[in-house]
Amino acid sequence: MVQEDEKYKSEDDEHKRKVEAKNALENYAYNMRNTVKDEKIGAKLNPADKKSIEDAVEQTINWLDSNQLAEADEFEDKMKELENMCNPIIAKMYQGSGGDPVGGKSGDAPPAAGSGAGPKIEEVD
1 MVQEDEKYKS EDDEHKRKVE AKNALENYAY NMRNTVKDEK IGAKLNPADK
51 KSIEDAVEQT INWLDSNQLA EADEFEDKMK ELENMCNPII AKMYQGSGGD
101 PVGGKSGDAP PAAGSGAGPK IEEVD
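Mapping of the sequence shown onto UniProt numbering: position 17 corresponds to residue 17, and the numbering continues sequentially without gaps.
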């Protein structure tokens with residue numbers, strides 16, 4: 001029985017990777033579609049950018065429907081394509097939404113991720 005488990009372990013791992021990649025792509029595509037359709041967010045987007053995201057999401061969903069048996073690498077590649085298309089538009093929308101939520105001067109560059117915008121922790125001897 002242990003030998004059988006070892007025999008099928010690599011197949012199980014590959015199947016798990018495939019299912020996780022497919023689920024991640026589906027979740028991202030549907031979340032992006034819902035985000036763009038949200039009235040508050042959709043109103044902040046440039047109409048051309050909104051259309052680009054909607055088209056890319058629709059193409060991805062159609063691809064998923066017709067490629068249910070694709071390999072994990074294919075799902076991961078599609079995910080990267082969709083992210084590369086959507087992320088810059090969404091980031092631009094948040095940067096252009098006006099105001100600095102951290103409370104800095106307007107016109108300052110937004111703080112970089114991990115720049116210490118949160119609490120600072122100092123070691124004490």
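Quick reminder that beta carbons are idealized off the backbone N, C-alpha and C, glycines included. Predicted, not measured: the structure shown is a model, and the values here were computed from it.
Query                                                                                                                                                                                               : Result
Assign M1 to buried or exposed, taking buried as 16 or more other Cβ atoms, counted over all protein chains shown, within 10 Å of its Cβ.                                                           : exposed
Report yes if the C-beta distance between A72 and K18 is below 7 angstroms; otherwise report no.                                                                                                    : yes
Under three-state DSSP, which class holds V124?                                                                                                                                                     : coil
Check the C-beta distance from M93 over to K44 and give it rounded, since I have them as a contact under 8 angstroms.                                                                               : 5 angstroms
Starting from the C-beta of F75, find all residues in its chain whose C-beta is less than 6 angstroms away, skip the five residues before and the five after it, and write them out in chain order. : A21, K22, L25
Can you tell me where the alpha helix (DSSP H) holding Q68 begins and where it ends?                                                                                                                : Q68 -> no alpha helix (DSSP H), and no H or E assigned at all.
For a quick check, are the C-beta atoms of A91 and V57 less than 7 angstroms apart?                                                                                                                 : no
Specify the secondary structure class of G96 as computed by DSSP and reduced to three states.                                                                                                       : coil
Determine the direct distance from the alpha carbon of L64 to that of S10, and round the result to whole angstroms.                                                                                 : 25 angstroms
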